[in-house]
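Protein chains: 2
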Amino acid sequence: MKVVIIGGGAGGLSTASNIRKYDEDIEITVITRDTNIAYSPCAIPYVLSGDVECFDDIIMHKPKDYLDKNIKILTETEVCAVNHDKKILKYSSIKEDENIDDEITYDKLVIATGGSPFVPPMEGTNLDGVFKIRTINDGREILKWAEKSNSAIVAGAGLIGLEIAYGLKKMGLEVTVSEMLPQIVPRSLDPGMAKIIQSYMEDKGINVVLGKPIEKIGGETKVESAVFGDEVIPTDMIILATGVRPEVNLAKMIGCDLGRWAIKVNEYMQTSVPDVYAVGDCVEAYDAFTGLHAQSPLGSTAVRQAKVAAKTIVGIKSKFNPILNAMVSKIGKLEFGAVGLTRAAAMQNKMNVVTGKKRALTKARYYPGAKPIDVKMICDIDGKILGCQIVAEERVAERIDTMALAIAKELTCDELANMEFSYAPPVSMVIDPIILAAEDAQENLNKLTN
Amino acid sequence: MKVVIIGGGAGGLSTASNIRKYDEDIEITVITRDTNIAYSPCAIPYVLSGDVECFDDIIMHKPKDYLDKNIKILTETEVCAVNHDKKILKYSSIKEDENIDDEITYDKLVIATGGSPFVPPMEGTNLDGVFKIRTINDGREILKWAEKSNSAIVAGAGLIGLEIAYGLKKMGLEVTVSEMLPQIVPRSLDPGMAKIIQSYMEDKGINVVLGKPIEKIGGETKVESAVFGDEVIPTDMIILATGVRPEVNLAKMIGCDLGRWAIKVNEYMQTSVPDVYAVGDCVEAYDAFTGLHAQSPLGSTAVRQAKVAAKTIVGIKSKFNPILNAMVSKIGKLEFGAVGLTRAAAMQNKMNVVTGKKRALTKARYYPGAKPIDVKMICDIDGKILGCQIVAEERVAERIDTMALAIAKELTCDELANMEFSYAPPVSMVIDPIILAAEDAQENLNKLTN
Chain C
1 MKVVIIGGGA
11 GGLSTASNIR
21 KYDEDIEITV
31 ITRDTNIAYS
41 PCAIPYVLSG
51 DVECFDDIIM
61 HKPKDYLDKN
71 IKILTETEVC
81 AVNHDKKILK
91 YSSIKEDENI
101 DDEITYDKLV
111 IATGGSPFVP
121 PMEGTNLDGV
131 FKIRTINDGR
141 EILKWAEKSN
151 SAIVAGAGLI
161 GLEIAYGLKK
171 MGLEVTVSEM
181 LPQIVPRSLD
191 PGMAKIIQSY
201 MEDKGINVVL
211 GKPIEKIGGE
221 TKVESAVFGD
231 EVIPTDMIIL
241 ATGVRPEVNL
251 AKMIGCDLGR
261 WAIKVNEYMQ
271 TSVPDVYAVG
281 DCVEAYDAFT
291 GLHAQSPLGS
301 TAVRQAKVAA
311 KTIVGIKSKF
321 NPILNAMVSK
331 IGKLEFGAVG
341 LTRAAAMQNK
351 MNVVTGKKRA
361 LTKARYYPGA
371 KPIDVKMICD
381 IDGKILGCQI
391 VAEERVAERI
401 DTMALAIAKE
411 LTCDELANME
421 FSYAPPVSMV
431 IDPIILAAED
441 AQENLNKLTN
Chain A
1001 MKVVIIGGGA
1011 GGLSTASNIR
1021 KYDEDIEITV
1031 ITRDTNIAYS
1041 PCAIPYVLSG
1051 DVECFDDIIM
1061 HKPKDYLDKN
1071 IKILTETEVC
1081 AVNHDKKILK
1091 YSSIKEDENI
1101 DDEITYDKLV
1111 IATGGSPFVP
1121 PMEGTNLDGV
1131 FKIRTINDGR
1141 EILKWAEKSN
1151 SAIVAGAGLI
1161 GLEIAYGLKK
1171 MGLEVTVSEM
1181 LPQIVPRSLD
1191 PGMAKIIQSY
1201 MEDKGINVVL
1211 GKPIEKIGGE
1221 TKVESAVFGD
1231 EVIPTDMIIL
1241 ATGVRPEVNL
1251 AKMIGCDLGR
1261 WAIKVNEYMQ
1271 TSVPDVYAVG
1281 DCVEAYDAFT
1291 GLHAQSPLGS
1301 TAVRQAKVAA
1311 KTIVGIKSKF
1321 NPILNAMVSK
1331 IGKLEFGAVG
1341 LTRAAAMQNK
1351 MNVVTGKKRA
1361 LTKARYYPGA
1371 KPIDVKMICD
1381 IDGKILGCQI
1391 VAEERVAERI
1401 DTMALAIAKE
1411 LTCDELANME
1421 FSYAPPVSMV
1431 IDPIILAAED
1441 AQENLNKLTN
């Protein structure tokens, strides 16, 4: 069997590796427009902040590593045409010094074309000093420009926006983050939890502008300012962290059905066209709570989808489940994460909810280095846990994973409060903060029903 | 209603606090022989190691704090007699300067008498320089003696034994840990995982003697040596960390049924005698896997039992579930934890098992400070997860909690491998190490069944 995979990001390459893991004989070719493969775009901010030394560090594999596994990688290569009836794909090199036009036949095609940064429709986005943030090359250009700049505005206060803002601040720039919604991380956090992170960023000297979109970017050839209503903030550079738009052109060309905004796939990662699969940022996921279309442009989602696609291709039964939106990030010393529905999202979906909240500690109270930890839990009125948000300077990610499992298994706050957890003074409290938050939810639920 | 609680440890005091949380009017009296209350015995090793500054730090509350909640505490007080038919209890002070003999009536009695250190039957345990480790006063005496000593032997390589050994080593003593079984932490870890911790301790200069019990302690009035078969190790002090024996005398006096070795309670923490409850190290728990009697002498278990006892007393329905044996410890920089059955315990119970193992990293590979993490997972031949053991320099405790939840909800390794977890380069790998271990178990299972 011959499999051709379009895209060299986490989705494409994990599909390739997984197919090889299950089958030694399948011919696998990966085609990507990018110069580099197998890097972690979510690590770009940490190169700016200096936590990771250089961009080369975040490239985890070279094409040669894949060749060793008998996976062929064509970089800087573009798909020109696909004749899916005959299962022939034409491609050509976009390298300056090469003039290759060739074709390849396949039995199965995997679309892992990812997404492209969403550029808000406004004046000035084409000026020098305005950057998108997606590829490692975007990262290198931002770094180069930032090194000669004094100030920057980051448009969009989602994860990548905040992480980039912190990275630029650590480089020594005056940094403003702007968000059109009235809070940061609006997708994953409720306002009160978002406020903790906002305060932390403001303490680090980052300016946060909420509730105002950038309306216009000012400048002649080079960016000079951003206009927010009647306010004009001068700046040397603007980074657009305003979301990802799924790259669906190839899928359309082949005739794959699209959903609301991305390629429609079933739980086996099959598109509507037989023998065409799709994974990663270019596909639509489904929300575990609402059943609705959802975007999940995360490396971890792509990797999990890739495993399912690979298994389906080699004939092992496997399913991709609706998503819980588990996320975590680290800004400076502060970790924050969330999974499931926010209170706001639950209300929007007309669900009746109660919340539990607790500020506790990450270690026993007397143990040096114990840090405050804030936990918010959202439950429906039967007590079933719908979501959880956590902020602390340590030990957030794994608690989010515990909560992801609790939500996936439909635990009530009551059941969670009765769970047996581990304890030792240097690593936890005798009652874990998530248990304390579950108890608080329980009590609020009792007040409601009594 | 009047409740009298015997014992001022985690079990007794949590019962008191929980009753007060649910009911403002119940009269609550706690009677304890100890001078101090509400301290964390599991923190004693961390005072020796210097991680926690002094013993006073680990006392979390004073009797006055409880009086503020209208809970009366009688310290250094002994129960002399109980007439449970009339529900009258006689007590007397054991303070040197007091001569109080009094009685108190009650409606409900809670036995939280804890355990006493098990002293192996051998010659020399009464010599000066031989210590048990249980109360804060034991800790103070060990510290005082260690300050003028050059060498120590710790008998017993369970958690507390290893933690004490590390603490004494950090004080500058020559330290030997001896264990009669052929590995350290035999209760919670399989040999291979135990070996990682043993190597870490040996690297720190701690001598580990396995497979040989101490047969005799040598010395005239003061300890001089320990005898292991034909080997004699000279030493200035010996700490017996050889387990806990439940304190059941009071329960026997009242006529409560005992189980195999401790007070028998039902899932509501009720003893066989009406209106008598028991919690903590003095009661017998049940193992979630084997259904058999199990000891769970952990502060976290006592606290969870206390919550159930308090709820039962005030009339809120609540149950204490069979135990999963979730544990975690930290020796120096190394964290290790376990939950559920070891492979060895599963085999002893004649279960057919497969294991999954993975050595991975605690952060993205390129992220500075990523540490190795070892995960071992034990599954039955239907893939149901029975146990998990984890060793790493960070982020172990919460993963153990995730696994506790996975085991409680009877997940298979297949289901776990499909779980959605959070990801960010500074705090995790794109596929979590426990997912990788679950995948390994899955593959081993496939090999077995194909």
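The listed protein sequences derive, respectively, from chains C and A. Just so it is clear: in the first sequence, position 430 is 430 by the numbering used here, and no numbers are missing. Convert by adding 1000 to the 1-based position in the second sequence; the result is the number in the numbering used here. Yeah, the Cβ is synthetic: ideal placement off N, Cα and C, and Gly gets one too.
Using a C-beta to C-beta distance shorter than 9 Å, which residues of chain A count as neighbours of Ala157 (chain C)? Counted from its first residue, the first sequence places residue 157 (chain C) at position 157. In chain order: nothing, as chain A lies at least about 16 Å away.
Can you pull the chain A residues whose beta carbon is under 8 Å from the beta carbon of Val427 (chain C), in chain order? By 1-based counting over the first sequence, the position of residue 427 (chain C) is 427. Those are Val1328, Lys1330, Glu1335, Val1396, Ala1397, listed as they occur along chain A.
Could you name the residues of the segment 244 to 262 of chain C whose beta carbon sits closer than 7 Å to any beta carbon of chain A, in the order they occur along the chain? For the segment 244 to 262 of chain C, the set of positions with a beta-carbon nearer than 7 Å to some beta-carbon of chain A is empty.
Hey, which unbroken runs of the beta strand (DSSP E) at 3 residues or more fall wholly within the segment 1286 to 1352 of chain A? Listed in chain order, the complete beta strand (DSSP E) runs (minimum 3 residues) inside the segment 1286 to 1352 of chain A are 1327 to 1331, 1334 to 1340.
Put Gln1198 (chain A) into one of helix, strand or coil per three-state DSSP. Sequence index remark: in the second sequence, residue 1198 (chain A) carries index 198 (1-based). Reduced to three states, the DSSP call for Gln1198 (chain A) is helix.
In the DSSP assignment, what are the bridge partners of Arg1359 (chain A)? Within the second sequence, numbered from 1, the residue matching residue 1359 (chain A) stands at position 359. A:Asp1374.
Gly1011 (chain A) by DSSP, collapsed to three states: which one? The residue you call residue 1011 (chain A) lines up with position 11 of the second sequence. Helix, per DSSP.
Name the DSSP bridge partner or partners of Arg245 (chain C)? Mapped onto the first sequence, residue 245 (chain C) falls at position 245. Beta-bridge pairing links Arg245 (chain C) to C:Ser116.
Beta carbon of Asp1401 (chain A), beta carbon of Asp432 (chain C): below 9 Å? Locating residue 1401 (chain A) in the second sequence gives position 401, where the first residue counts as 1. Locating residue 432 (chain C) in the first sequence gives position 432, where the first residue counts as 1. In contact: Asp1401 (chain A) and Asp432 (chain C) (Cβ atoms closer than 9 Å).
is_contact[Leu1048 (chain A), chain C] using C-beta, thresh 9 Å: The residue you call residue 1048 (chain A) lines up with position 48 of the second sequence. Chain C contact via Cβ: absent.
Here's the rule I'm using: 16 or more other beta-carbon atoms within 10 Å means buried, otherwise exposed. How should Gly172 (chain C) be labelled? To locate residue 172 (chain C), count along the first sequence from 1; it is residue 172. Exposed, since its Cβ has fewer than 16 Cβ neighbours within 10 Å.
What would DSSP say about Tyr1022 (chain A), mapped onto helix, strand or coil? Translated into positions along the second sequence, residue 1022 (chain A) becomes position 22. Looking at Tyr1022 (chain A) - three-state DSSP - the assignment turns out to be helix.
Taking DSSP's pairing of strands, which residues face Asp380 (chain C) in a bridge? On the first sequence, residue 380 (chain C) is found 380 positions in, with the first residue counted as 1. BP columns for Asp380 (chain C) point to C:Val353.
Chain-ordered neighbours of Ile58 (chain C) on chain A, where CB pairs are closer than 7 Å: One-based indexing of the first sequence puts residue 58 (chain C) at position 58. In chain order: Tyr1366.
Helix, strand or coil: how does DSSP classify Gln442 (chain C) here? Counted from its first residue, the first sequence places residue 442 (chain C) at position 442. In the structure shown, Gln442 (chain C) sits in a helix (DSSP, three-state: H, G or I).
For Ala1043 (chain A) versus Ser422 (chain C), is the C-beta spacing smaller than 9 Å? As a first step, residue 1043 (chain A) must be located in the second sequence, where it is residue number 43. As a first step, residue 422 (chain C) must be located in the first sequence, where it is residue number 422. Not a contact, by the Cβ cut-off of 9 Å.
State the start and end residues of the unbroken beta strand (DSSP E) segment that holds Asn126 (chain C). Counting from 1 along the first sequence, the entry for residue 126 (chain C) is found at position 126. Where Asn126 (chain C) is concerned, there is no enclosing beta strand (DSSP E), given that its DSSP letter is neither H nor E.
Going by CA-CA distance only, name the one from A:Gly1369, A:Ser1049, A:Lys1376 that's closest to Ala1146 (chain A). Reading the second sequence from its first residue, position 146 is the one you call residue 1146 (chain A). Among A:Gly1369, A:Ser1049, A:Lys1376, the Cα nearest to that of Ala1146 (chain A) belongs to A:Ser1049.
Interface positions of the segment 1406 to 1436 of chain A facing chain C (Cβ-Cβ less than 7 Å), listed along the chain: Ala1406, Ala1408, Lys1409, Asn1418, Met1419, Glu1420, Phe1421, Ser1422, Tyr1423, Ala1424, Pro1425, Pro1426, Val1427, Ser1428, Val1430, Ile1431, Asp1432
Mind checking Gln1348 (chain A): buried by the 16 CB within 10 Å criterion, or exposed? Sequence index remark: in the second sequence, residue 1348 (chain A) carries index 348 (1-based). Flag for Gln1348 (chain A) reads exposed.
Let's test the definition: count the other Cβ atoms within 10 Å of the Cβ of Thr1032 (chain A) and tell me whether it reaches 16, buried, or not, exposed. Counted from its first residue, the second sequence places residue 1032 (chain A) at position 32. Buried: at least 16 other Cβ atoms inside 10 Å.
Look up Ile6 (chain C) in the DSSP assignment and give the residues it is bridged to. Working through the first sequence from its first residue, we reach residue 6 (chain C) at position 6. Checking the DSSP bridge columns, you'll see Ile6 (chain C) partnered with C:Ile31, C:Ile111.
Helix, strand or coil for Thr176 (chain C)? Go by DSSP, reduced to three states. Position 176 of the first sequence, counted from the start, is the residue given in the question as residue 176 (chain C). Strand.
Helix, strand or coil: which one does DSSP assign to Val1227 (chain A)? If you number the second sequence from 1, residue 1227 (chain A) lands on position 227. Three-state result, Val1227 (chain A): strand.
Roughly how many angstroms separate the alpha carbons of Ala346 (chain C) and Ala294 (chain C), rounded to a whole number? The sequence position of residue 346 (chain C) within the first sequence is 346, counting from 1. The sequence position of residue 294 (chain C) within the first sequence is 294, counting from 1. Rounded to whole angstroms, Ala346 (chain C) to Ala294 (chain C) spans 15 Å at the Cα level.
Cα-Cα separation, Asp1382 (chain A) to Thr1412 (chain A): Against the second sequence, residue 1382 (chain A) aligns to sequence position 382. Against the second sequence, residue 1412 (chain A) aligns to sequence position 412. Each residue's alpha carbon lies about 8 Å from the other.
For Leu292 (chain C), decide whether its Cβ has a neighbour in chain A, counting only Cβ atoms nearer than 9 Å. The sequence position of residue 292 (chain C) within the first sequence is 292, counting from 1. No, Leu292 (chain C) lies away from the interface with chain A (no Cβ there is under 9 Å from its Cβ).
Buried or exposed (CB count within 10 angstroms, at least 16 for buried), Asp236 (chain C): The sequence position of residue 236 (chain C) within the first sequence is 236, counting from 1. That one is buried.
Taking a contact to mean a Cβ-Cβ separation below 9 Å, would you say Gly1156 (chain A) touches Leu1240 (chain A) in this structure? Locating residue 1156 (chain A) in the second sequence gives position 156, counting from the first residue. Locating residue 1240 (chain A) in the second sequence gives position 240, counting from the first residue. Going by C-beta atoms, Gly1156 (chain A) is nearer than 9 Å to Leu1240 (chain A).
Would you please verify whether the beta carbon of Arg304 (chain C) is less than 9 Å from any beta carbon of chain A? The residue you call residue 304 (chain C) lines up with position 304 of the first sequence. Interface residue, yes.
Please decide whether Val353 (chain C) counts as near chain A, where near means a Cβ-Cβ distance under 9 Å. Taking the first residue of the first sequence as position 1, residue 353 (chain C) is located at position 353. It does not: the Cβ of Val353 (chain C) has no partner Cβ on chain A nearer than 9 Å.
Cutoff 6 Å; reference Ile1434 (chain A); Cβ partners in own chain excluding five residues on either side: Here residue 1434 (chain A) refers to the residue found at position 434 of the second sequence. Excluding sequence neighbours, Ile1434 (chain A) sits near Val1375, Arg1399.
Take every Cβ of the segment 1354 to 1372 of chain A, pair it with every Cβ of the segment 1198 to 1205 of chain A, and state whether three or more of those distances are shorter than 8 Å. no
Can you tell which of A:Phe1055, A:Met1351, A:Pro1117 has the C-alpha that lies nearest to the C-alpha of Lys1144 (chain A)? For the purposes of this step, residue 1144 (chain A) is identified with residue 144 of the second sequence, where counting begins at 1. The shortest C-alpha separation from Lys1144 (chain A) is found at A:Phe1055.
On a CA-only basis, which of A:Leu1436, A:Thr1312, A:Leu1067, A:Met1122 is nearest Thr1242 (chain A)? Give me that one, please. For the purposes of this step, residue 1242 (chain A) is taken as residue 242 along the second sequence, with counting starting at 1. The residue with the shortest Cα to Cα distance from Thr1242 (chain A) is A:Met1122.
Can you name, in chain order, every residue of its own chain whose Cβ lies under 6 Å from the Cβ of Lys1087 (chain A), other than the five neighbours on each side? Taking the first residue of the second sequence as 1, we reach residue 1087 (chain A) at position 87. Excluding sequence neighbours, Lys1087 (chain A) sits near Thr1105, Tyr1106.
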